[in-house]
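Quick note on our numbering: the sequence shown kicks off at 795 and runs consecutively. The beta carbon of each residue, even a glycine, is placed where N, CA and C say it ideally should be. Take a look at the structure below.
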Amino acid sequence: MTKPTIRLPEGFYLHELEVIDSTNEEAKRLADEGAHSGALIWARQQTSGRGRRGRAWSSPVGNLYSSLLLRPDCPLFEAAKLTFLIAVAMAEAIELVSGNRIRPDCKWPNDLMVNGRKISGILLESASNNGSETDYLVIGAGVNVAFYPDDAERPATSLSALGAPVSVGELLSAYVARVASWLPVWETQGFAPVREAWLTRAYGMGEPVIARLTERTLEGTFVGLDDDGSLVLREAGGTEHRVGAGEVFFKA
């Protein structure tokens, strides 16, 4: 098998693995050992890949499985918004390597969709210092490059199925380059530019949405993204709710 060429910007360094339980778990192990910000863990296969809420993530050879370790100097609630930066960066990378043939939508809070089908998932995990300050973030990003699960809970797709058979190495290089481009923007201008870019790709904007929260279920229309990253849902009577956690189902 030909070894892919991975090009990383300054400040990022690669941990390349054939097989691992989970790239996020490996990133957390490295973080606990003192690894610096910018560590990128990439594996050709995961044996225990997982997504949001602990769901299994199908991880055959041929798709992208990566986790990025960051140590932002900010409170944890601010650092958590980097999920949206990662989503935008990956969407832009997919668009770039596909020759602008594929334009992914960003589905709140952590998926990328193409034609209503999931192509990528993002999983953020964190550790704090003194309860509120960020020690580190681990942001996992997986993309269906060559294959997609046909037994998925929700419809999925892959770059290959969409007519864009790109290499994993090419996509990974493009993704990290976009992250490197966005991080200084986030550091100097905050969440606003990231939020604006995310909203231009927002999946289901203006469409019906159901939010299942711990205590109740809300139904309404998806009308925006709040400054703290919450989904804004407007009920039929005009009342708006900020949804920061819970299961959200779009009818788009």
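Counting beta carbon pairs with one atom in the region 864-877 and one in the region 954-968, are three or more of them shorter than 8 Å?
no
If I measure Cβ to Cβ from I933 and keep anything under 6 Å in the same chain, skipping five residues before and after, which residues do I get?
For the purposes of this step, residue 933 is taken as the residue at position 139 of the sequence shown. Taken in chain order, the residues that qualify are L862, I880 and L918.
Integer Cβ distance of G1031 from R1006, believed to fall under 8 Å
Here residue 1031 refers to the residue found at position 237 of the sequence shown. Here residue 1006 refers to the residue found at position 212 of the sequence shown. About 20 Å separates the two Cβ atoms, so there is no contact after all.
Roughly how many angstroms separate the alpha carbons of R865 and D929, rounded to a whole number?
Residue mapping note: residue 865 aligns to position 71 of the sequence shown, counting from 1. Residue mapping note: residue 929 aligns to position 135 of the sequence shown, counting from 1. Each residue's Cα considered, the two are about 6 Å apart.
Inter-residue spacing [alpha-carbon to alpha-carbon] between I835 and R972:
As a working note, residue 835 is residue 41 in the sequence shown. As a working note, residue 972 is residue 178 in the sequence shown. Looking at the two C-alpha atoms, the distance is approximately 17 Å.
C-alpha distance - A868 paired with V813, whole-angstrom precision
Indexing the sequence shown from 1 puts residue 868 at position 74. Indexing the sequence shown from 1 puts residue 813 at position 19. Strictly speaking, residue 868 in this sequence is Cys, with Ala absent from that position. Approximately 33 Å, taken between the alpha carbons.
Rounded separation between F985 and M884 - CA only:
For the purposes of this step, residue 985 is taken as residue 191 along the sequence shown, with counting starting at 1. For the purposes of this step, residue 884 is taken as residue 90 along the sequence shown, with counting starting at 1. Here the C-alpha atom of F985 lies approximately 17 Å from the C-alpha atom of M884.
Taking a contact to mean a Cβ-Cβ separation below 8 Å, would you say L1019 touches H1035 in this structure?
Against the sequence shown, residue 1019 aligns to sequence position 225. Against the sequence shown, residue 1035 aligns to sequence position 241. Contact flag unset, no.
Identify every residue that forms a DSSP beta bridge with R911.
Taking the sequence shown and counting its residues from 1, one reaches residue 911 at position 117. R911 is bridged by DSSP to V908.
So N938 and N857 are supposed to be a Cβ contact under 8 Å. How far apart are they, rounded?
Numbered from its first residue, the sequence shown carries residue 938 at position 144. Numbered from its first residue, the sequence shown carries residue 857 at position 63. With a Cβ gap of about 5 Å, N938 and N857 count as contacting.
Out of curiosity, what's the CA-to-CA distance linking D905 and N924?
By 1-based counting over the sequence shown, the position of residue 905 is 111. By 1-based counting over the sequence shown, the position of residue 924 is 130. The straight-line gap from Cα to Cα measures roughly 30 Å.
I want to see whether chain B comes within less than 8 Å of G1032, judged by CB atoms only; does it?
Annotation note: the requested chain B is absent from the structure, which comprises a single protein chain.
Whose C-beta lies closer than 7 Å to the C-beta of Y997 among residues of the same chain, with five residues either side of it excluded?
Locating residue 997 in the sequence shown gives position 203, counting from the first residue. Closer than 7 Å at the Cβ level, and outside the excluded window around Y997, lie D899, C900, K901, M907, F1044 and A1046.
On the CB-based measure, 16 or more other CB atoms within 10 Å of its CB, does P903 come out buried or exposed?
If you number the sequence shown from 1, residue 903 lands on position 109. So P903 ends up on the buried side.
Spatial distance of L966 from L931 (CA atoms)
Residue 966 sits at position 172 when you count from the first residue of the sequence shown. Residue 931 sits at position 137 when you count from the first residue of the sequence shown. Cα-Cα distance, rounded: 19 Å.
With 16 other CB atoms within 10 Å as the buried threshold, where does E810 fall?
Counting from one through the sequence shown, the residue named residue 810 turns up at place 16. E810 comes out exposed.
Can you find the residues in the same chain that come closer than 7 Å, C-beta to C-beta, to P1002, ignoring five residues on each side of it along the sequence?
Start at 1 with the first residue of the sequence shown, and residue 1002 comes out as number 208. Closer than 7 Å at Cβ, skipping near neighbours: T1015 and K1045.
DSSP bridge partner residues for I933 (one or two, in chain order):
Here residue 933 refers to the residue found at position 139 when the sequence shown is read from its first residue. Partner(s): L862 and L918.
List in chain order: all unbroken alpha helix (DSSP H) runs of 4+ residues lying wholly within the region 940-998.
962-983 and 986-993
CA nearest to the CA of F806, picked from E819, S831 and T799
On the sequence shown, position 12 is the one that residue 806 refers to. Comparing Cα-Cα distances from F806 to each of E819, S831 and T799, the minimum goes to S831.
Continuous beta strand (DSSP E) stretch holding A837: start and end
Residue 837 sits at position 43 when you count from the first residue of the sequence shown. First-last of the beta strand (DSSP E) with A837: A833 to Q840.
Using the Cβ count rule (16 or more neighbours within 10 Å means buried), how would you classify E886?
Here the question's residue 886 lines up with position 92 in the sequence shown. Result: buried.
Within 10 angstroms of its Cβ, does R897 collect 16 or more other Cβ (buried), or is it exposed?
Here residue 897 refers to the residue found at position 103 of the sequence shown. Burial call: exposed.
Helix, strand or coil: which one does DSSP assign to R823?
In the sequence shown, the residue the question calls residue 823 occupies position 29. R823 falls in the helix class under three-state DSSP.
Can you find the residues in the same chain that come closer than 7 Å, C-beta to C-beta, to S892, ignoring five residues on each side of it along the sequence?
Along the sequence shown, read from residue 1 onward, the residue named residue 892 stands at position 98. Closer than 7 Å at the Cβ level, and outside the excluded window around S892, lie L953, A958 and V960.
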